[in-house]
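Residue numbers (this note's numbering): 61 to 247.
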């Protein structure tokens with residue numbers, strides 16, 4: 061989610077790239093069930109005229125689940141509107157960054173094999189509307205207007221709802237690796 065070190069006069073940087081998302085579960089996963097990373101898109105803009113980088117963007121999160129004995133994989137896909145506040149610190153030619161990312165869930169679907177996607181937000185108790193976590197990484201400048209960054213997102217919020225139970229039986233958190241290219245907008 062981090063873009064460039066430099067920006068135009070208005071201090072705006074556009075970024076876009078790939079996220080490899082997964083989900084960590086509090087409870088032990090049953091034998092024969094595996095979770096893999098789900099690729100997705102990250103896009104947005106950052107403002108860098110403050111001591112911190114303030115960003116707004118969209119990200120895709122989720123996981124791909126396989127169960128022994130079943131041919132079809134289940135893909136959980138979620139889209140978030142993200143607001144991030146990152147603190148950059150100069151290290152070498154680039155910046156190390158760390159900060160908070162808050163995501164507002166826009167869509168959540170589950171798809172098994174070739175079947176139609178199931179909207180997980182139809183039941184308000186299945187998906188929480190808010191996700192938040194820590195983002196750390198490094199931005200390396202390619203030149204004065206472009207840079208590449210890599211980071212790790214560690215979710216702190218339980219994104220899954222309680223499913224109608226009186227207490228939430230699980231703590232499911234997003235995590236993932238992000239790779240972005242940023243471009244300082246020339247205005």
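A virtual CB, placed ideally from N, CA and C, is assigned to each residue, including glycine.
Close Cβ partners of residue i (< 7 Å) along its chain, the five nearest in sequence each way excluded
i, result
"residue 147", "112, 157, 158, 159"
"residue 71", "107, 108, 109"
Counted within 10 angstroms of its Cβ, other Cβ atoms place residue i as buried (16 or more) or exposed
i, result
"residue 191", "buried"
"residue 98", "buried"
"residue 331", "There is simply no residue 331 to check, as the chain begins at 61 and stops at 247 in what is shown."
"residue 203", "exposed"
"residue 176", "exposed"
"residue 101", "exposed"
"residue 233", "buried"
"residue 94", "exposed"
"residue 75", "buried"
"residue 115", "buried"
"residue 250", "Here the chain covers residues 61 to 247 and nothing more, so residue 250 does not appear."
"residue 154", "buried"
Endpoints, beta strand (DSSP E) assigned at residue i
i, result
"residue 238", "232-244"
"residue 124", "113-127"
"residue 170", "154-172"
"residue 99", "98-107"
"residue 176", "Per DSSP, residue 176 belongs to no beta strand (DSSP E) and is neither H nor E."
"residue 207", "206-215"
"residue 193", "190-201"
"residue 78", "72-85"
"residue 146", "134-151"
Other residues of its chain near residue i: CB distance less than 8 Å, five sequence neighbours each side excluded
i, result
"residue 174", "132"
"residue 129", "92"
"residue 235", "81, 82, 83, 84, 193, 212, 213, 214, 215"
"residue 69", "247"
Same chain, Cβ closer than 6 Å to residue i, five either side skipped, listed in chain order
i, result
"residue 142", "117, 119, 161, 163"
"residue 172", "132, 134"
"residue 137", "122, 169"
"residue 178", "170"
"residue 209", "62, 197, 199, 240"
Inter-residue Cα distance where the pair is residue i and residue j
i, j, result
"residue 166", "residue 109", "29 Å"
"residue 239", "residue 180", "27 Å"
"residue 216", "residue 193", "5 Å"
"residue 246", "residue 151", "25 Å"
"residue 189", "residue 219", "7 Å"
"residue 170", "residue 78", "21 Å"
"residue 206", "residue 140", "25 Å"
"residue 182", "residue 125", "21 Å"
Test: residue i CB closer than 8 Å to a CB of chain B
i, result
"residue 109", "Absence of chain B from the displayed structure is noted, only one protein chain being present."
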